[in-house]
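First the structure, in the form of structure tokens, and then the observations on it.
Number of protein chains: 2
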Amino acid sequence: MKRIDTQEIRSLELFREMADDNFETLVRGAYIQNFPPQIEMITEEEPSDFLHIVVEGSVELFSSWNGRETALATIRPVSSFILAATIKDAPYLMSARTHEKSRIVLLPSVDVRAVFEVDHTFARSVVTELAHCYRSVVKSTKNLKLRTAIERLANYLLRQHARAGGATEFELKLEKRLLASYLGMTPENLSRAIKALQPYGVYVKNSRVTISDFDQLIEFAKPLASIDDPNY
Amino acid sequence: MKRIDTQEIRSLELFREMADDNFETLVRGAYIQNFPPQIEMITEEEPSDFLHIVVEGSVELFSSWNGRETALATIRPVSSFILAATIKDAPYLMSARTHEKSRIVLLPSVDVRAVFEVDHTFARSVVTELAHCYRSVVKSTKNLKLRTAIERLANYLLRQHARAGGATEFELKLEKRLLASYLGMTPENLSRAIKALQPYGVYVKNSRVTISDFDQLIEFAKPLASIDDPNY
DNA sequence: AATCTTACTTGATAAAAGTCAAATAATAGT
DNA sequence: ACTATTATTTGACTTTTATCAAGTAAGATT
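Residue numbers (this note's numbering), protein chains in the order written: chain A, 1 to 232; chain B, 233 to 464.
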């Protein structure tokens with residue numbers, strides 16, 4: 001069992017304010033694992049034995065049904081995932097695979113639940129995190145049900161634009177195949193959606209996005225805080 | 233200010249195990265309100281001043297964007313709604329309107345947060361409830377992204393069938409216009425989807441559903457616990 | 001029961017999104 | 001730099017879903 005670098009995960013909002021001894025309890029049973037790219041590390045419907053934390057690399061959460069598959073989220077350092085399953089002691093609702101080479105900290109779910117029982121500060125952090133996750137998924141549902149594919153793309157680009165500090169040019173963080181799945185469309189349809197945004201001043205060359213007419217894109221996309229602001 | 237019947241809400245999972253004095257604190261500031269049908273009682277993006285509890289009637293949670301509207305859930309007695317917004321002290325993500333004449337208990341959000349801070353048992357219940365809500369929305373997202381409209385209807389009918397104790401005949405609890413919106417389709421499309429399920433032994437007359445060939449419907453719908461089981 | 005209102009259904013059509021096959025472009029190894 | 005592999009794009013076409021308009025049926029009101 002590898003010794004883990006506790007500093008990397010201590011800074012996580014989830015653990016930042018909890019008592020040192022309880023944090024020690026958590027990391028005592030923890031271990032770290034290095035995964036190659038494209039490894040399925042979690043499969044939906046299996047028992048949730050560990051709370052996972054991405055320390056390096058990135059992880060794709062996805063789900064399958066009847067031969068189809070859809071991407072639900074991409075997790076980047078330093079963030080936990082499948083907290084709800086861990087706390088509820090319920091099976092995973094999503095599968096997870098590494099997207100690139102990744103370092104993952106695994107905290108045994110029993111330990112997380114045990115500390116949750118005794119550490120009110122930690123419990124409060126869990127609530128905050130869960131409430132945040134819940135609201136993210138609600139936003140995503142609204143996005144899916146209220147907008148067309150092109151509108152979802154337009155608003156996604158605006159969110160990335162904001163994340164890049166408002167620069168005219170920025171990089172897509174996801175390969176297009178994955179982005180398409182995340183936005184709820186096929187790769188072919190994403191290609192066409194990108195073209196459909198050209199009249200609104202959007203140019204995409206490979207993973208490089210240029211927004212030449214911000215105002216026009218805004219007018220088309222009609223972003224709404226209660227859907228598009230991640231901190232809302 | 234009306235005196236509220238504390239028994240009605242004390243039985244809620246959220247409050248069942250908490251200390252009596254903390255529950256008293258909660259209901260002291262609470263009040264109850266009777267709403268006529270079709271009244272918008274909550275509007276998204278407004279501050280979440282109260283945790284709401286449906287005691288009688290039913291409430292529709294919905295969201296609007298750019299002239300479109302979609303139903304996100306129907307809340308029936310006795311259940312709370314907008315817990316995440318209350319705990320996070322964040323604006324509502326959804327609007328709410330009464331569907332029928334309804335009695336709603338309103339707990340000031342400040343009180344909920346105050347009790348949450350001091351009562352670990354309550355905090356634990358909040359976590360359980362939030363985790364449950366989160367998982368519900370994830371299931372709903374999977375349902376939306378992985379299935380066609382007809383498949384969503386088929387699985388919805390199977391869930392209602394199970395809820396009705398497995399009876400061959402049961403009633404739709406929602407009017408079709410609302411059901412369509414909830415399932416992410418237009419009313420016209422729902423009408424056609426119902427017809428499309430006839431070859432699989434589904435008959436719908438007004439709000440009465442008959443499932444004459446359960447096995448065939450199962451085979452078509454391919455229900456999955458991690459999408460369709462509400463208690464998963 | 002008759003009327004009115006509202007909800008639902010149907011048909012015709014349009015728009016949105018998916019599929020398949022092929023071509024092209026990008027990337028990773030060598 | 002070259003090749004092999006993989007990702008993306010494009011075109012033609014199909015399926016799915018939405019829209020609009022009209023008709024029909026159900027439920028409410030008197």
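Note that the Cβ used here is the ideal one computed from N, Cα and C, for glycine as well.
Just so it is clear, the structure is predicted and the values come from calculations on it, not from any experiment.
With 16 as the cutoff for other CB atoms within 10 Å, does A/Y203 come out buried or exposed?
A/Y203 should be labelled exposed.
Rounded to whole angstroms, what's the CA-CA distance from A/R159 to A/R103? Just pull it up for me.
Looking at the two C-alpha atoms, the distance is approximately 27 Å.
Using the Cβ count rule (16 or more neighbours within 10 Å means buried), how would you classify B/A363?
When all chains shown are included, B/A363 counts as buried.
Does the beta carbon of A/P230 sit closer than 8 Å to a beta carbon anywhere in chain B?
Judged by the 8 Å Cβ criterion, A/P230 is not in contact with chain B.
For B/T353 and A/L174, what's the separation of their Cα atoms in angstroms?
Near 41 Å, if we compare the C-alpha coordinates of A/L174 and B/T353.
Which residues in chain A sit within 7 Å of B/P340, going by Cβ to Cβ distance?
Within chain A, no residue comes near B/P340; the closest Cβ sits about 18 Å away, beyond 7 Å.
Does the CB of B/R356 have a neighbour CB from chain A at under 8 Å?
By this cut-off, B/R356 is an interface position.
Can you list, in chain order, the residues of its chain with a C-beta nearer than 7 Å to that of A/L93? Leave out the 5 residues immediately preceding and following it.
Excluding residues within five positions, the ones whose Cβ falls inside 7 Å are E44 and A85.
Rounded to whole angstroms, what's the CA-CA distance from B/A303 to A/R28? Just pull it up for me.
So the two alpha carbons sit approximately 46 Å from each other.
Can you grab the Cα-Cα spacing for the pair A/L172 / B/E403, in whole Å?
One C-alpha to the other measures close to 48 Å.
List the endpoints of the continuous beta strand (DSSP E) containing B/S327.
From DSSP, the beta strand (DSSP E) with B/S327 extends over S327 to T330.
In three-state DSSP terms, what is A/Q216?
In this structure, A/Q216 counts as helix in the three-state DSSP scheme.
Go ahead and pull the three-state DSSP assignment for B/R335.
In this structure, B/R335 counts as strand in the three-state DSSP scheme.
Could you name the residues that DSSP lists as bridge partners for B/E272?
B/E272 pairs with B/R329.
Among B/L244, B/R395, B/K454 and B/S295, whose alpha-carbon lies nearest the alpha-carbon of B/E278?
Measuring from the Cα of B/E278, the nearest candidate turns out to be B/S295.
Can you pull the DSSP bridge partners for B/Q239?
Paired residues: none, contrary to the question.
When you check each C-beta in the segment 114-143 of chain A against every C-beta of chain B, which residues fall closer than 8 Å?
Hits within the stretch, in order: F116, E117, H120, A123, R124, V126, V127, T128, L130, A131, H132, C133, Y134, R135, V137, V138, K139, S140, T141 and K142.
Once you ignore the five residues that flank A/Q33 on each side, which residues in its own chain have a CB closer than 6 Å to its CB?
Excluding sequence neighbours, A/Q33 sits near I104.
Taking a cut of 7 Å between CB atoms, which residues from the segment 274-296 of chain B lie near chain A?
Residues passing the 7 Å Cβ filter: E276, E277 and S295.
So is A/S11 buried or exposed if we call it buried at 16+ other beta carbons inside 10 Å?
Label assigned to A/S11: exposed.
Considering just the uninterrupted stretch of the alpha helix (DSSP H) at B/N266, what are its terminal residues?
Per DSSP, B/N266 belongs to no alpha helix (DSSP H); it is in the beta strand (DSSP E), Y263 to F267.
So A/L14 and A/F50 are in contact, right, with Cβ under 8 Å, and what is the actual spacing, rounded?
Not confirmed; about 14 Å, so no contact.
Would you grab the beta carbon distance between B/L410 and B/L422 for me? Rounded to a whole angstrom, and I think it's under 8 Å.
The Cβ separation is near 10 Å, so there is no contact.
So the candidates are A/T141, A/L183 and A/L157; which of them puts its Cα closest to the Cα of A/D213?
Here the closest residue by C-alpha is A/L157.
Just how far apart, CA to CA, sit A/F35 and A/S58?
Cα to Cα, the separation comes out at about 10 Å.
Is the CB-CB distance between B/V344 and B/P309 below 8 Å?
No, these two residues do not count as a Cβ contact at 8 Å.
Mind pulling the alpha helix (DSSP H) runs of 4 or more residues that sit fully within the segment 381-453 of chain B?
Runs found: 381-395, 408-414, 419-428 and 446-453.
Could you tell me which chain A residues have their CB closer than 9 Å to the CB of B/R300, listed as they occur along the chain?
The answer, in chain order, is K145, L146 and R147.
Relative to the C-alpha of B/H284, which candidate in B/N298, B/W297, B/Y263 and B/E301 has its C-alpha closest?
Measuring from the Cα of B/H284, the nearest candidate turns out to be B/Y263.
Can you tell me whether B/S280 is helix, strand or coil according to DSSP?
If DSSP states are grouped into helix, strand and coil, B/S280 belongs with coil.
Closer than 8 Å, CB to CB, is B/K408 near chain A or not?
Chain A, which has no Cβ nearer than 8 Å to the Cβ of B/K408, makes this no.
By a C-beta neighbour count over all protein chains shown, 10 Å radius and 16 as the cutoff for buried, is B/R300 buried or exposed?
With fewer than 16 other Cβ atoms within 10 Å, it is exposed.
DSSP state of A/R124, grouped into three classes?
Helix.
Just to check my reading of the structure: A/I82 and A/S136 have Cβ atoms closer than 8 Å, yes? What is that Cβ distance to the nearest angstrom?
Actually they do not touch by this definition, with Cβ atoms about 14 Å apart.
Quick one: grab the DSSP three-state call for B/E245.
Three-state result, B/E245: helix.
Classify A/K205: buried if its beta carbon has 16 or more other beta carbons within 10 angstroms, exposed otherwise.
Classification for A/K205: exposed.
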